[in-house]
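Student: Sharing a structure with you now.
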Amino acid sequence: MVLIVVLIGVAMWWRDGLLERRIERRIENRTSIVDQIAPRPTDDQAGNPLSAPSNSTPIAQKPESSFEADFRQAFSKFYQPPDGCDVFRSDRHMVECVNHKMRARNEFYEAYGSPPIEAD
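Letter by letter, the sequence shown follows residues -1 to 118 in our numbering.
And the structure:
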């Protein structure tokens, strides 16, 4: 009986060690993947505000030109959504409302100039 209790204790201890090693490996794998995707700054760049900025600024963070901002603001004042497009009743209804807005935007661009060029 004592032997069974000892064996169960050893098995549980061994299993806990296995789980800890698995967790450590997963953490190491994730940190290495994160480092590959977005390398951390070196000690020279970490606290230095004068270090050269990276050229890989995402498009979403690039400032919008005043022309593009004016163009978008003018369209938002021009566009009148059809009745019932405040809340979508179904996926099909949502597609119809979005298509209506896209057609209206294209008509607006044709009437008042070409749409602003968006970078890839």
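Quick reminder that beta carbons are idealized off the backbone N, C-alpha and C, glycines included.
In this text, all values refer to a predicted model and were calculated from it rather than measured experimentally.
1) Output the boundary residues of the alpha helix (DSSP H) element that contains C95.
2) Tell me the DSSP secondary structure of M10 in three-state form.
3) When the Cα of N97 is compared with those of N27, P80 and Y110, which residue comes out closest?
4) For D68, name the three-state secondary structure that DSSP assigns.
5) Determine whether the beta carbon atoms of Y77 and A109 lie at a separation below 8 Å.
6) May I have the straight-line CA-CA distance separating K75 from M100, to the nearest angstrom?
Tutor: On the basis of the coordinates in this document:
1) Taken as a continuous stretch (DSSP letters only), the alpha helix (DSSP H) holding C95 covers D89 to Y110.
2) It is helical.
3) Nearest C-alpha to N97 among N27, P80 and Y110: P80.
4) In the structure shown, D68 sits in a helix (DSSP, three-state: H, G or I).
5) Cβ atoms of Y77 and A109: not closer than 8 Å.
6) Roughly 15 Å separates the two Cα atoms.
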